[in-house]
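Peer 1:
2 protein chains.
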Amino acid sequence: MNQRAITGIETGEGLLAVDASTHYRFVVADDHPLFRGALKESIHNLFKSAEIFEAGGFDDLQTLLEREGDVDLVLLDLTMPGVRGFSGLLYLRAQFPGVPVVVVSANEEPGVIRRCMEFGASGFLPKTLGVETMRTAIRSVLEGGVWTPPDVDLSGGADEATRDLVNRLSTLTPQQVRVLMMLSEGLLNKQIAFELKVSEATVKAHVSAILQKLGVESRTQAVIAASKIETGQWPRPAN
Amino acid sequence: MNQRAITGIETGEGLLAVDASTHYRFVVADDHPLFRGALKESIHNLFKSAEIFEAGGFDDLQTLLEREGDVDLVLLDLTMPGVRGFSGLLYLRAQFPGVPVVVVSANEEPGVIRRCMEFGASGFLPKTLGVETMRTAIRSVLEGGVWTPPDVDLSGGADEATRDLVNRLSTLTPQQVRVLMMLSEGLLNKQIAFELKVSEATVKAHVSAILQKLGVESRTQAVIAASKIETGQWPRPAN
DNA sequence: ACCTGCGTCCGACGAAAGAATGATGTGGCG
DNA sequence: CGCCACATCATTCTTTCGTCGGACGCAGGT
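Read top to bottom, the protein sequences are chains A and B. Per the working numbering: the first sequence ends with 239, consecutive numbering throughout. Per the working numbering: the second sequence ends with 478, consecutive numbering throughout.
1) Counting only beta-carbon atoms, is V442(B) nearer than 7 Å to chain A?
2) When Cβ atoms are compared, which residues of the segment 445-460 of chain B fall closer than 8 Å to chain A?
3) Cutting at 8 Å between CB atoms, please list the residues of its own chain near R458(B), excluding the five before and the five after it.
4) Looking at C-alpha atoms only, which residue of L453(B), L368(B), D309(B) is the closest neighbour of E347(B)?
5) With R25(A) and E51(A) assumed to form a contact (beta carbons below 8 Å), what rounded beta-carbon distance in angstroms separates them?
6) Would you report the Cα separation of A238(A) and A345(B), rounded to the nearest angstrom?
7) Go ahead and label P339(B) buried or exposed: buried means 16 or more other beta carbons lie within 10 angstroms of its beta carbon, across all protein chains shown.
8) Quick check on the DSSP output: the beta strand (DSSP E) that includes L76(A) runs from which residue to which?
9) In chain order, what residues of the same chain have a beta carbon less than 7 Å from the beta carbon of D77(A), not counting five sequence neighbours either side?
10) Check this for me: beta carbons of A464(B) and L419(B), under 7 Å apart or not?
11) I believe R135(A) touches L64(A) by the beta-carbon criterion, under 8 Å. Please report the beta-carbon distance rounded to the nearest angstrom.
12) Tell me R417(B)'s beta-bridge partners as DSSP assigns them.
13) Just the C-alpha distance for K467(B) and Q460(B), rounded to the nearest angstrom, thanks.
14) Going by CA-CA distance only, name the one from M319(B), E456(B), N428(B) that's closest to R275(B).
15) Helix, strand or coil, according to DSSP, for A289(B) in the structure here?
16) Does the beta-carbon of N189(A) have 16 or more other beta-carbons within 10 angstroms, so that it is buried, or is it exposed?
17) One question on the structure: do E230(A) and F86(A) come within less than 7 Å of each other, judged by their Cβ atoms?
18) Taking the beta carbon of V370(B) as the centre, do at least 16 other beta carbons fall within 10 Å, making it buried, or is it exposed?
19) What three-state label does DSSP hand L404(B) in the structure shown?
20) So is G308(B) buried or exposed if we call it buried at 16+ other beta carbons inside 10 Å?
21) Which residue or residues does DSSP assign as beta-bridge partners of I38(A)?
22) With a 10 Å radius around its C-beta and 16 neighbouring C-beta atoms as the bar for buried, classify T171(A) as buried or exposed.
23) With respect to the beta strand (DSSP E) encompassing V245(A), which residues constitute its N-terminal and C-terminal limits?
24) Just to confirm, are L453(B) and R407(B) a CB contact at a threshold of 7 Å?
25) Whose C-beta lies closer than 7 Å to the C-beta of V380(B) among residues of the same chain, with five residues either side of it excluded?
26) Helix, strand or coil for A225(A), going by three-state DSSP, please let me know.
27) Enumerate in chain order the residues of its own chain whose CB-to-CB distance from V166(A) is below 6 Å, with the five nearest sequence positions on each side excluded.
28) Can you grab the Cα-Cα spacing for the pair S49(A) / V416(B), in whole Å?
29) Give me the residue from P174(A), G144(A), V112(A), V223(A) with the minimum Cα distance to R93(A).
30) So E200(A) and A193(A) are in contact, right, with Cβ under 8 Å, and what is the actual spacing, rounded?
31) Output the boundary residues of the beta strand (DSSP E) element that contains G362(B).
32) Nearest chain B C-beta to I138(A) closer than 7 Å, yes or no?
33) From which residue to which residue does the beta strand (DSSP E) around V284(A) run?
34) Check whether the Cβ atoms of V391(B) and P336(B) lie closer than 7 Å to each other.
35) Are the Cβ atoms of F58(A) and V27(A) separated by less than 7 Å?
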C-alpha cells in the first residue's frame, strides 16, 4: 500500500552517504516558534552543514517547498494553523511526493502514529524524544527508510473500514487531493474552479474521479468519508 | 439558551414528591449488558417500585420511547451503536422534548460534560460514580433540576464558534434534526423523503430551513457544521 | 517510433439541489 | 376563538451537480 521506500534516490546524495558533513536541506514546520527553534538547533548539532528552513504555518510550508524545490526532509507538526489533522500530511504527500515527511507531535497514541505512516509519512518523532534517538531516526529516514518509536505496536489497530478508506485516499492524485480538501470546506465547484484557475468542468471531472475512487455517490458522502479519517472514528478510550 | 428547567411537571408527580415509593419509569440505554444490568440494579435499590426498561441500541431506545410514551428519565450512554456522539442526545431531545435525559459516560472531560448540558441533558453521571452520589443526582433531576459532577468547571471552555453553532442547532425542530442527521449520512433528498414517508418537496422545505437556521449555504456545509459539534474541533490537550 | 496509461483539461446534457411562493391541516395557548 | 408554530405538499425557476465523451501532453514499455 505504501509508496515509500526508494526515497533517498531523489536527493542526489545516494542512499548510503549519510554523514554529518553532507549538505542536507531540512524544513521545520511547527507553529510554536520556541519548539521550532529547539528543533532547528538539534538538527544543527547532528548535521553541521545542514540548511534549515522554517515554516510557522501551512501556507508558509507550501510556498517554501514550491520555491526551494525538493528538500531532503520535512519535519511536520500535525497541529499547525491551517492543517486539519492528517489532511495536511495527505496534502503534502500528494503535492510533493518526492519529499520525505517526518511527523513531529506530542500526541503519541499508537492509532495516530499508525495513521501517519499509512498516509505516507517517513517517520514519527514524539516531541519527548532524546537527541540521540532523534539522530538515529533522522538518519534512518535520510537513508530512505522509515522510523517509528520502537515501543509502539503498529501492526493491528485499524478497523477494516478505516484501513480501506486510507487505501482509497492514497490513490488520489495531487490535484484530486486539493479538490477533496476544498470539498471538505463546503466550497462550490465554481469556487474551487476559481481557486485552482481551471474551468468548472474540470473540477467536476476531478470530483467525479474522487467519488469513484472513494466509492461514494455524492460530494457530501465524500466529505463525510474524508472527515472520518481525521477523527479516526474517535478511538474511544475504554468506556 | 436552554429549555431545560420545568421538566418535572410533565411527570404528573409534581415537583416535590420524590421518594422511594413513587412509581417511576426509567430507561437504561447502554450497549454493554453488564453495565446496563448494574445500573438497573442500582436504580432498583434507590427506587423500589421503579419500572426499568432497557435498550441496547439506539433503535431499541427509540422504539421503546415511542411505545411507552413519556418516561421519567432516560439514562443514556453516549457511545452506543447507532449513535454518533452527541447526535443521539440532540436527536433524543428533539424527538422527545418532554423526557429528561441523563448522560452516563466513562468520559469525564469537562468539554464533553459541558456540551452534553448545552444539548439539553438534565445531568451527567460519570460511570465511576458511587451509589450515594448517584441517588442524589437522580433525585435532583427527577425534581426537575439538573446535576453535574461538583468538581468540574462548566463555565468557560467553549470557543465562540462552537457555542454559536450549538445555539443554532437548538433552534431546529424535531423533524429538522432528523433530516439533518440523514444529510449527515449523505442521503439524497429523495431518499430522505422515502425514509420519512413524505414528499421530496417537504424534505426540500426542511433542508432550506436547516440551511437558514445554521447560517450555511449548502447541504454539504450543513453536514460539516454538524460534524464539528461531535468532535468539538478535537480539543487536544497541550501540544 | 509506436502505443498505452494516466493526469489534466474541457463542453454538453440530464438529474438533483435550493429558493420562492402559496396553500392546507394540526395542535397548543392565551 | 384567533394566533402561531410545525409539518405537509405543489409548482416554478435558477443554480449546482455529476456523468459522458473527448481532447491534449507526458511518461513507460515493446
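Built from N, CA and C at the ideal position, the CB exists for glycine as well. Just so you know, these numbers come straight off a predicted model, no measurement behind them.
Peer 2: Looking at the coordinates:
1) no
2) V455, E456, S457, R458, T459, Q460
3) L422, V446, L450
4) L368(B)
5) 5 Å
6) Note that A238(A) scores 29 on pLDDT, short of 50, meaning its location in the model is unreliable; the coordinates nonetheless yield the value given after this. Approximately 8 Å, taken between the alpha carbons.
7) buried
8) 73-77
9) A29, D30, D31, V104, S105
10) In this structure, the beta-carbon distance from A464(B) to L419(B) does not fall below 7 Å.
11) Actually they do not touch by this definition, with Cβ atoms about 24 Å apart.
12) The partner list for R417(B) (beta bridge, DSSP) is empty, contrary to what the question assumes.
13) 11 Å
14) Checked all of M319(B), E456(B), N428(B); the closest Cα to R275(B) is M319(B).
15) coil
16) buried
17) F86(A) is positioned such that its CB atom lies closer than 7 Å to that of E230(A).
18) exposed
19) helix
20) exposed
21) The sequence shown places Ala at residue 38(A), not Ile. DSSP, once it has assigned bridges, lists no residue as partnering A38(A).
22) exposed
23) Any property of residue 245(A) remains undetermined from this structure, which presents chain A solely from 1 to 239.
24) yes
25) L312, P339, V341, S361, G362, W386
26) helix
27) E118
28) 60 Å
29) P174(A)
30) So it is a contact: roughly 4 Å between Cβ atoms.
31) Where G362(B) is concerned, the enclosing beta strand (DSSP E) stretches over 362-365.
32) No, no contact with chain B.
33) Outside the displayed span of chain A (1 to 239) sits residue 284(A), for which this structure offers no information.
34) no
35) No; because the gap between Cβ atoms is not below 7 Å, this pair is not in contact.
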